[in-house]
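Mapping of the sequence shown onto the working numbering: residues 636 to 885, in sequence order.
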Amino acid sequence: ISASGQYVITITATNPINNKVETFLATENVVIDNASPTASLSVPATLNVANFDTAVATYTATDTNFKAATLTINGHSLAVGQASPATVSLNNSVFELSTLNGATVTATLTVVDKALNSTSVSKNFYVDTVDPTITNVYKTVSGNGTMYIQVSEPIATTTSFVASDIKFVQAGLTFYATQVGTYLTFDKPNGLIIITEFVDSDGNVVYPQDIGGSWKVYVSNITDLGGNPIANSGATWNIAAPAAPKPVNP
């Protein structure tokens, strides 16, 4: 028998004892299952601070002779039930995603039936559950000077970004970055914002060499690659040129 289905196997045994013949019957129900279970899986393209508490993996795991299903994410496995469909929260201590800062993670659903047929499906998604921060604000003073804002990780700009989303504020003064691509540029892979010219609230030009001392630095619509905004926008920085390097052979 090779076709899938339910069968009854009957065993007959005849044993002569004391010139008598007695017949013993035994029956067993047997299921032959050649079909693989059904499995499907979907996850968010990106898991970040904003959606971490509500994000779910949605899965389907079905089989007439279902035995078990396992969802493995970030190398950690969780047993799940038969479902069509069901969801599992990604904010789950089993998966240990809460401290990942820019990582591509694989989610794999494996479904097994009682005949040990199995089906697996995998999906990758990007996880960044840590907000970026500004780690330094400093200037160089060659020519009119250049202002640098260093962010803790690679950055991206949102579709709403404009140059004036970057501003320096001090006791009644506000200086805005201006002209993306001309006076405002980025080294995005290295998390660096570079400004060579500002304007004040009246449109007057202000150069980085003229900005020093304590300033609150605001950065909006700039995120890390996971879409998380800069956490410490508005923090105060003491802006100065880098210290002159010490001579190698004084």
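For each residue, glycine too, the CB sits at the ideal point set by N, CA and C.
Since the structure is predicted, the reported quantities are computational estimates derived from the model, not experimental observations.
With distance defined between alpha-carbon atoms, name the residue in 647, 861, 665 and 836 nearest to residue 812. Taking the first residue of the sequence shown as 1, we reach residue 812 at position 177. Minimum Cα distance to residue 812 is reached at 836.
Touching or not, the segment 756-766 and the segment 826-843, by the rule of three or more beta carbon pairs under 8 Å? no
So, is residue 863 buried or exposed, given that buried needs 16 or more other C-beta atoms within 10 angstroms? As a working mapping, residue 863 is identified with position 228 in the sequence shown. Residue 863 should be labelled buried.
For residue 798, the three-state DSSP class (helix, strand or coil): Against the sequence shown, residue 798 aligns to sequence position 163. Of the three classes helix, strand and coil, the one that applies to residue 798 here is helix, per DSSP.
Rounded to whole angstroms, what is the Cα-Cα separation between residue 683 and residue 689? For the purposes of this step, residue 683 is taken as residue 48 along the sequence shown, with counting starting at 1. For the purposes of this step, residue 689 is taken as residue 54 along the sequence shown, with counting starting at 1. Roughly 10 Å separates the two Cα atoms.
Given residue 702, which residues of its chain have a CB within under 6 Å of its CB, disregarding the five upstream and five downstream residues? For the purposes of this step, residue 702 is identified with residue 67 of the sequence shown, where counting begins at 1. Closer than 6 Å at Cβ, skipping near neighbours: 747, 748 and 749.
Measuring only between beta-carbons, confirm whether residue 800 sits less than 7 Å from chain B. Going by chain labels, chain B is absent from the structure shown, which holds only one protein chain.
For residue 754 versus residue 824, is the C-beta spacing smaller than 7 Å? Here residue 754 refers to the residue found at position 119 when the sequence shown is read from its first residue. Here residue 824 refers to the residue found at position 189 when the sequence shown is read from its first residue. Cβ atoms of residue 754 and residue 824: not closer than 7 Å.
With a CB to CB cut of under 8 Å and the five nearest residues on each side skipped, what residues in its chain are close to residue 885? One-based indexing of the sequence shown puts residue 885 at position 250. Residue confidence for residue 885 is low, a pLDDT of 48 falling below 50, so the modelled location carries little weight; the figure read from the coordinates is stated next. Once the five neighbours on either side are set aside, residue 885 has no close Cβ partner at all.
So, at 6 Å on beta carbons, what are the nonlocal neighbours of residue 729 in its own chain, with the 5 sequence-adjacent residues on each side left out? Counting from one through the sequence shown, the residue named residue 729 turns up at place 94. Contacts found: 711 and 713.
Local conformation of residue 672 per DSSP, three classes: As a first step, residue 672 must be located in the sequence shown, where it is residue number 37. Three-state DSSP puts residue 672 in coil, outside helix and strand.
Among all the DSSP beta bridges, which residues are the ones paired with residue 703? Mapped onto the sequence shown, residue 703 falls at position 68. According to DSSP, residue 703 bridges with 747.
Rounded to a whole number of angstroms, what is the C-alpha to C-alpha distance between residue 818 and residue 675? Working through the sequence shown from its first residue, we reach residue 818 at position 183. Working through the sequence shown from its first residue, we reach residue 675 at position 40. Approximately 49 Å, taken between the alpha carbons.
Does the beta-carbon of residue 800 have 16 or more other beta-carbons within 10 angstroms, so that it is buried, or is it exposed? Counting from one through the sequence shown, the residue named residue 800 turns up at place 165. Buried: at least 16 other Cβ atoms inside 10 Å.
Going by beta carbon distance, what residues of the same chain come within less than 6 Å of residue 809, once the five residues before and after it are set aside? For the purposes of this step, residue 809 is taken as the residue at position 174 of the sequence shown. Result list for residue 809: 802 and 836, in chain order.
Does the pairing of the segment 730-746 with the segment 842-849 give three or more beta-carbon distances under 8 Å? no
Measure the beta-carbon distance from residue 826 to residue 797 and round it to whole angstroms, keeping in mind my assumption that it falls under 8 Å. For the purposes of this step, residue 826 is identified with residue 191 of the sequence shown, where counting begins at 1. For the purposes of this step, residue 797 is identified with residue 162 of the sequence shown, where counting begins at 1. 20 Å between Cβ atoms; not a contact.
Comparing C-alpha positions only, which one of 715, 759, 687 and 804 sits nearest to residue 853? Indexing the sequence shown from 1 puts residue 853 at position 218. Minimum Cα distance to residue 853 is reached at 804.
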